[in-house]
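2 protein chains.
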Amino acid sequence: MKTYGQFCPLAQSTQLLCERWTLLIIREFIAGGQRFGDIQKGLPQISPSLLSSRLKLLSEAGVIEKTGIKTYQLTEAGLALRPVIELLGAWGHKWSRSNLGSSDLDAGLLMWDMRRSLDPAIFPKRTVIVQFEYFDAPKGSKDWWLVSSNGDVDLCLTDNDYDVDLLVKCSLKTMTAVWICEMTFNDAVKSKQIEVTGDKSLGKNLQEWLRTSPLSKLGTTETWPKLDWS
Amino acid sequence: MKTYGQFCPLAQSTQLLCERWTLLIIREFIAGGQRFGDIQKGLPQISPSLLSSRLKLLSEAGVIEKTGIKTYQLTEAGLALRPVIELLGAWGHKWSRSNLGSSDLDAGLLMWDMRRSLDPAIFPKRTVIVQFEYFDAPKGSKDWWLVSSNGDVDLCLTDNDYDVDLLVKCSLKTMTAVWICEMTFNDAVKSKQIEVTGDKSLGKNLQEWLRTSPLSKLGTTETWPKLDWS
DNA sequence: CTGCATCCGACGCGATACTG
DNA sequence: CAGTATCGCGTCGGATGCAG
Chain D
23 MKTYGQFCPL AQSTQLLCER WTLLIIREFI AGGQRFGDIQ KGLPQISPSL
73 LSSRLKLLSE AGVIEKTGIK TYQLTEAGLA LRPVIELLGA WGHKWSRSNL
123 GSSDLDAGLL MWDMRRSLDP AIFPKRTVIV QFEYFDAPKG SKDWWLVSSN
173 GDVDLCLTDN DYDVDLLVKC SLKTMTAVWI CEMTFNDAVK SKQIEVTGDK
223 SLGKNLQEWL RTSPLSKLGT TETWPKLDWS
Chain C
23 MKTYGQFCPL AQSTQLLCER WTLLIIREFI AGGQRFGDIQ KGLPQISPSL
73 LSSRLKLLSE AGVIEKTGIK TYQLTEAGLA LRPVIELLGA WGHKWSRSNL
123 GSSDLDAGLL MWDMRRSLDP AIFPKRTVIV QFEYFDAPKG SKDWWLVSSN
173 GDVDLCLTDN DYDVDLLVKC SLKTMTAVWI CEMTFNDAVK SKQIEVTGDK
223 SLGKNLQEWL RTSPLSKLGT TETWPKLDWS
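Following this line, the structure appears as structure tokens:
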């Protein structure tokens with residue numbers, strides 16, 4: 023870890039936390055990840071060796087700790103970073119100019135994020151299957167299935183001959199924009215950017231379903247309440 | 023600027039802000055710096071070329087803007103980073119383990135920080151000169167003079183045959199610890215870690231004088247009110 | 001003094017392969 | 001799945017010097 027040679031507390035924290043990937047790793051822990059693989063899943067582009075060394079560094083710094091042979095969790099110091107993460111996220115949401123360059127789009131990340139954030143209680147207890155079709159996504163990540171059944175949500179990338187209740191067709195960019203609240207689902211449907219077919223009564227719940235993302239609250243309130251990430 | 027390939031607002035903000043030096047540069051702007059040299063003074067170890075490229079990047083990102091031929095200031099987006107800086111600083115103050123390694127000590131930074139943070143109103147209007155002597159500082163930065171006269175504080179590194187009102191002798195480490203509120207000035211005096219000689223009535227004000235650092239408020243309150251950096 | 005260009009070294013970081 | 005070892009590239013960033 024490179025130091026700044028300054029006694030300033032900000033220098034102390036940034037030299038630890040503001041290295042590449044580090045704050046995103048913390049984000050994954052806040053979002054509920056516990057294992058090496060959980061973290062990797064939320065950070066597809068990090069190399070295992072780097073992740074490994076970051077975890078070691080964060081352990082030594084007392085931000086995370088091992089809770090088992092292969093599980094970690096945030097310490098008190100780590101949990102204290104949550105407001106920082108939230109504030110930085112809110113700043114990015116409001117002030118970042120990058121407006122979703124196509125290189126920022128990643129269907130896998132999007133769906134993974136959905137899976138862990140959606141509230142299954144919105145749908146009936148019986149199994150409900152929602153298929154997403156992104157016509158502009160790279161081959162192999164165009165079609166996704168979210169399977170909600172008795173309080174659980176599963177994510178599938180392969181067609182298991184599902185009995186699909188709802189089919190959502192749109193561009194990856196549109197769905198991502200909806201997910202991070204740059205537009206509302208309903209508006210996107212109205213303007214034909216999203217096409218929904220299937221069970222009408224279930225369809226009405228989609229907007230509400232898609233609002234439970236922790237990010238989604240960013241757009242709506244200026245000063246932003248505690249988020250329910252987990 | 024290296025990107026993460028993620029749409030997450032946190033990824034957007036960190037890829038811009040969490041590169042080496044960047045947040046410390048913002049800190050310097052918040053502290054009132056406007057010119058290239060102001061920033062450099064607070065970041066003695068940054069190279070001019072790197073500072074230059076960071077300023078350019080931040081301009082493009084809309085965090086700072088040129089206000090004149092050679093002055094910059096924070097934009098609205100930049101000002102919005104202040105809570106982030108404060109939170110990160112508070113985190114570092116509370117949770118950073120590094121406990122002032124000697125490599126973090128820097129007499130120049132310390133004195134520069136003092137000069138801009140001290141409240142001259144504490145002392146009488148007439149010229150008051152306080153000399154600091156750090157016996158463990160590197161040669162050439164052992165002796166410093168703070169000159170307070172009618173509402174202004176100047177900093178000197180050379181002996182101008184001053185008529186010194188107060189002489190403060192201690193280690194650089196001790197003074198730094200006091201400055202960032204790891205201990206109080208009075209306690210350090212009591213335990214003989216700081217030796218003060220000179221005008222007794224002025225000496226009594228030192229503790230109060232040294233409490234006006236923006237950092238000093240970190241230690242005292244858990245949730246920390248708006249700081250007066252400027 | 002301000003700001004930038006150039007050079008070059010160090011090492012942060014990524015890719016891959018491999019082990020338990 | 002959870003990491004470690006190795007290798008090598010790329011770039012960050014530090015030193016110096018110069019131009020405005």
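Chains D and C are the protein sequences, given in the same order. Numbering of the first sequence is given in the numbering used here, commencing with residue 23 and proceeding in unit increments. Numbering of the second sequence is given in the numbering used here, commencing with residue 23 and proceeding in unit increments. The C-beta atom is built at its ideal place from N, Cα and C for all residues, glycine as well.
Using DSSP with H/G/I as helix, E/B as strand and the rest coil, what is Trp-231/C? Indexing the second sequence from 1 puts residue 231/C at position 209. Correct three-state label for Trp-231/C: helix.
Opening and closing residue of the alpha helix (DSSP H) in which Leu-262/D lies: This structure cannot speak to residue 262/D, because chain D is shown only from 23 to 252.
Of the residues that make up the region 190-218 of chain D, which ones have a beta carbon closer than 7 Å to any beta carbon in chain C? If the cut-off is 7 Å between Cβ atoms, the region 190-218 of chain D has Thr-198 and Ile-202 near chain C.
Using the rule of at least 16 other Cβ atoms within 10 Å of the residue's Cβ for burial, across every protein chain shown, is Phe-157/D buried or exposed? Mapped onto the first sequence, residue 157/D falls at position 135. Classification for Phe-157/D: exposed.
Give the residues of chain C in contact with Lys-88/D, contact being defined as C-beta atoms less than 7 Å apart. Here residue 88/D is taken as the residue at index 66 of the first sequence, counted from 1. Here the premise fails: no neighbours, minimum Cβ distance about 17 Å.
Are the beta-carbon atoms of Gln-215/C and Leu-189/C separated by less than 7 Å? To locate residue 215/C, count along the second sequence from 1; it is residue 193. To locate residue 189/C, count along the second sequence from 1; it is residue 167. No.
Whole angstroms is fine: what's the gap from Pro-247/C's alpha carbon to Leu-39/C's? The residue given as residue 247/C occupies position 225 in the second sequence. The residue given as residue 39/C occupies position 17 in the second sequence. Note that Pro-247/C scores 37 on pLDDT, short of 50, meaning its location in the model is unreliable; the coordinates nonetheless yield the value given after this. In this model, Pro-247/C and Leu-39/C are separated by some 24 Å (Cα to Cα).
Going straight from the alpha carbon of Leu-103/D to that of Trp-113/C, what length do you get? Counted from its first residue, the first sequence places residue 103/D at position 81. Counted from its first residue, the second sequence places residue 113/C at position 91. Between Leu-103/D and Trp-113/C, the C-alpha separation is close to 7 Å.
Would a check of beta-carbon distances place Ser-118/D closer than 7 Å to chain C? Position 96 of the first sequence holds residue 118/D. Interface annotation, Ser-118/D: in contact with chain C, CB-CB separation under 7 Å.
Which same chain residues end up closer than 7 Å to Leu-127/D when comparing Cβ atoms and leaving out the 5 residues on each side of it in sequence? Taking the first residue of the first sequence as 1, we reach residue 127/D at position 105. Cβ within range, chain order: Leu-194, Lys-195 and Thr-198.
Separation of Val-175/D from Ser-252/D, as counted between CA atoms: Mapped onto the first sequence, residue 252/D falls at position 230. Mapped onto the first sequence, residue 175/D falls at position 153. Here the model assigns Ser-252/D a pLDDT of 40, short of 50, so the residue's position is not dependable and the matter cannot be decided.
Enclosing beta strand (DSSP E) for Asp-165/D [first to last residue]: In the first sequence, residue 165/D corresponds to position 143, counting from 1. Judged by DSSP secondary structure, Asp-165/D falls within the beta strand (DSSP E) whose first and last residues are 165-171.
Beta-carbon separation (whole angstroms), Cys-192/D vs Glu-217/D, contact threshold 8 Å: Within the first sequence, numbered from 1, the residue matching residue 192/D stands at position 170. Within the first sequence, numbered from 1, the residue matching residue 217/D stands at position 195. So it is a contact: roughly 7 Å between Cβ atoms.
Are the beta-carbon atoms of Leu-65/C and Leu-79/C separated by less than 7 Å? Walking along the second sequence from the start, residue 65/C turns up at place 43. Walking along the second sequence from the start, residue 79/C turns up at place 57. Cβ atoms of Leu-65/C and Leu-79/C: not closer than 7 Å.
Compare the Cα-Cα distances from Ser-272/C to each of Gln-229/D, Trp-231/D, Gln-28/D and Leu-228/D and report the closest residue. There is no way to answer for residue 272/C, as the model of chain C reaches only from 23 to 252.
Using a Cβ-Cβ cut-off of 7 Å, state whether Leu-140/D counts as contacting chain C. Reading the first sequence from its first residue, position 118 is the one you call residue 140/D. Not closer than 7 Å to any Cβ of chain C, the Cβ of Leu-140/D fails to qualify, so no.
Bridge partners - Leu-96/D, DSSP secondary structure assignment: Taking the first residue of the first sequence as position 1, residue 96/D is located at position 74. Under the DSSP definition of a beta bridge, Leu-96/D partners with Ile-86/D.
Helix, strand or coil for Trp-251/C, going by three-state DSSP, please let me know. Translated into positions along the second sequence, residue 251/C becomes position 229. Unreliable positioning characterises Trp-251/C in this predicted model, as indicated by a pLDDT of 45, which lies under 50. A coordinate reading is not provided.
Could you compute how far the alpha carbon of Arg-148/D sits from the alpha carbon of Ser-75/D? As a first step, residue 148/D must be located in the first sequence, where it is residue number 126. As a first step, residue 75/D must be located in the first sequence, where it is residue number 53. C-alpha separation (whole angstroms): 44 Å.
Distance, Cα to Cα, Phe-321/D vs Arg-49/C? Any property of residue 321/D remains undetermined from this structure, which presents chain D solely from 23 to 252.
Looking only at its own chain, which residues have a Cβ that is under 6 Å from the Cβ of Thr-89/D, when we skip the five neighbours before and after it? Here the question's residue 89/D lines up with position 67 in the first sequence. Apart from sequence neighbours up to five positions away, the residues of its chain that approach Thr-89/D with a beta-carbon distance below 6 Å are Gln-95, ordered along the chain.
Span separating the alpha-carbon of Ile-86/C from that of Thr-97/C: For this step, residue 86/C is matched to residue 64 along the second sequence. For this step, residue 97/C is matched to residue 75 along the second sequence. When rounded, the distance between both Cα atoms is 5 Å.
Could you spell out where the alpha helix (DSSP H) holding Phe-51/C opens and where it closes? Working through the second sequence from its first residue, we reach residue 51/C at position 29. Here the alpha helix (DSSP H) through Phe-51/C covers 44-52.
If we ignore side chains and look at the alpha-carbon of each, how far apart do Leu-168/D and Ile-68/D end up? Translated into the one-based positions of the first sequence, residue 168/D becomes position 146. Translated into the one-based positions of the first sequence, residue 68/D becomes position 46. In a straight line, the C-alpha of Leu-168/D is about 26 Å away from that of Ile-68/D.
CA-CA distance, Gly-59/C and Ala-53/C? Here residue 59/C refers to the residue found at position 37 when the second sequence is read from its first residue. Here residue 53/C refers to the residue found at position 31 when the second sequence is read from its first residue. Straight-line spacing of the CA atoms in Gly-59/C and Ala-53/C works out to 14 Å.
Report the residue from Trp-117/C, Asp-183/C, Lys-92/C and Val-200/C whose alpha carbon sits nearest the alpha carbon of Met-136/C. Here the question's residue 136/C lines up with position 114 in the second sequence. Check the Cα spacing between Met-136/C and each of Trp-117/C, Asp-183/C, Lys-92/C and Val-200/C: the tightest is with Val-200/C.
So which residues of chain D does Lys-161/C contact, with C-beta pairs closer than 7 Å? In the second sequence, the residue the question calls residue 161/C occupies position 139. For a Cβ distance threshold of 7 Å, nothing in chain D lies close to Lys-161/C: the least Cβ distance comes to about 18 Å.
Does Pro-105/D get closer than 7 Å to chain C when you measure Cβ to Cβ? What you label residue 105/D is simply residue 83 of the first sequence in a count that begins at 1. Taking Cβ atoms only, chain C reaches closer than 7 Å to Pro-105/D, which makes this a yes.
To the nearest whole angstrom, what separates the beta carbons of Ile-151/C and Val-186/C, a pair I think is in contact under 8 Å? As a working note, residue 151/C is residue 129 in the second sequence. As a working note, residue 186/C is residue 164 in the second sequence. About 5 Å separates the CB atoms of Ile-151/C and Val-186/C; that is less than 8 Å, so the two are in contact.
Can you name the residues of chain C whose CB is closer than 7 Å to the CB of Ser-125/D? Position 103 of the first sequence, counted from the first residue, corresponds to residue 125/D. In chain order: Thr-25 and Gly-27.
From the DSSP output, which residues share a beta bridge with Tyr-184/C? Taking the first residue of the second sequence as 1, we reach residue 184/C at position 162. DSSP lists no beta-bridge partner residue for Tyr-184/C.
Segment limits, beta strand (DSSP E) that includes Ile-216/C: Along the second sequence, one-based indexing puts residue 216/C at 194. Per DSSP, Ile-216/C belongs to the beta strand (DSSP E) from 216-220.
Per-residue contacts from Ala-102/C into chain D (C-beta, under 8 Å): The residue labelled residue 102/C in the question sits at position 80 within the second sequence. Neighbours of Ala-102/C on chain D, chain order: Trp-113, Lys-116 and Trp-117.
For Tyr-156/D: DSSP bridge partner residues: In the first sequence, counting from the first residue as 1, residue 156/D sits at position 134. Tyr-156/D is bridged to Cys-192/D.
In chain D, which residues lie less than 8 Å from Asp-128/C when you measure between Cβ atoms? Reading the second sequence from its first residue, position 106 is the one you call residue 128/C. Taking a Cβ-Cβ threshold of 8 Å, the residues of chain D close to Asp-128/C are Gly-27, Gln-28 and Phe-29, in chain order.
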